[in-house]
Every structure is written in structure tokens, then in C-alpha cells.
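Positions 0 to 132 (numbering that gives the first Met the number 0) are the ones given, in order, by the sequence shown.
Where a beta carbon is used, it is the ideal one built from N, C-alpha and C, also for glycine.
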Amino acid sequence: MRSREYDLDFRDRSGRIRAWGIGLLAVASLQWVWCALLLLTPYQVDEEPDDRNPAECESRLLTEYGTANEGLQRHDWCQNERDWPEAVAVLGLSVPVSVVGVALFTSGSVSRRMSAHAEAMRELDKLADARSS
């Protein structure tokens, strides 16, 4: 395999690694959005199956009257519907996904840039050799 062919193959592999990193960062972003939706949006809870008048619940994070946090003592249905562990688990799962995504994206980008730099140096060496001859 000629060096140019090897270099192009190396750049293709670097591009694929970088694309995987971008994909994982997109997945981590979706997990952050999901966590934000769980914590910041109001929601409804059915008190019975097929309830026509579901209970209105405030968001978990921005509650004024404690319906989401202190509702169990008052037999409020909002307490058990959206728990903190679910939001924290989504947030916790996003950390390794984003770390691997950043590592892959950085590795692919640096490899591609180094390959382009090496090619530019080879071209400059060819020009310098042609002038000296």
C-alpha cells in the first residue's frame, strides 16, 4: 500500500471515530434534555385507570407548594409519579456517554489534523528538494 493510500485510509478511519464521538455527544445531549424535561415540566397523574380528570402536578424542581415533594403525607398522587432517582439516573448515565464521546471526537479530530499536517510537511519537503536541485 502506497503512503498516500494509507494516509487516506487513516483519515477515513479518523473521520469515522470522530463521527462516533459526535453521535455519543448527541445521545448525551438527549439525556440532558430528558432530565430537564423530567425536572422542569408540569405533569398529570391518573388517580385511577382511565381517569377522566387527572391530577395536575407541578414540576419537580420548580414547585411552590410542595405537591411533588411533600405530597405523600397528604395522600397526593403526584409524589410517586416522578421520582428523583429516575432523573438522577438519566443524568448519571449521561456522564460516561459524554466522556467517551469527547474522547472519540478529540482522538478523531487530532488524528485527522496530524495527518493533514504530515502531508503538508511532505509537500514542503518536495518543494524544498525541487528548489535545491
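Start-to-end residues for the beta strand (DSSP E) that takes in residue i
i, result
"Glu-55", "54-56"
The alpha helix (DSSP H) enclosing residue i, as first and last residue numbers
i, result
"Thr-105", "83-131"
"Arg-15", "2-39"
DSSP bridge partner residues for residue i (one or two, in chain order)
i, result
"Val-44", "Ala-54"
Spatial distance of residue i from residue j (CA atoms)
i, j, result
"Met-120", "Met-113", "10 Å"
"Leu-38", "Gln-30", "12 Å"
"Val-96", "Val-26", "7 Å"
"Cys-56", "Leu-24", "32 Å"
"Thr-40", "Ile-21", "28 Å"
"Met-0", "Ser-13", "With a pLDDT of only 48 at Met-0, under 50, the local geometry of the prediction cannot be trusted, and the value read off the model is given with reservation. One C-alpha to the other measures close to 18 Å."
"Trp-19", "Leu-90", "21 Å"
"Gly-100", "Ser-93", "10 Å"
Quick check: the region 41-59 against the region 121-130, are at least 3 beta-carbon pairs closer than 8 Å? At 8 Å Cβ cutoff, the stretches do not touch.
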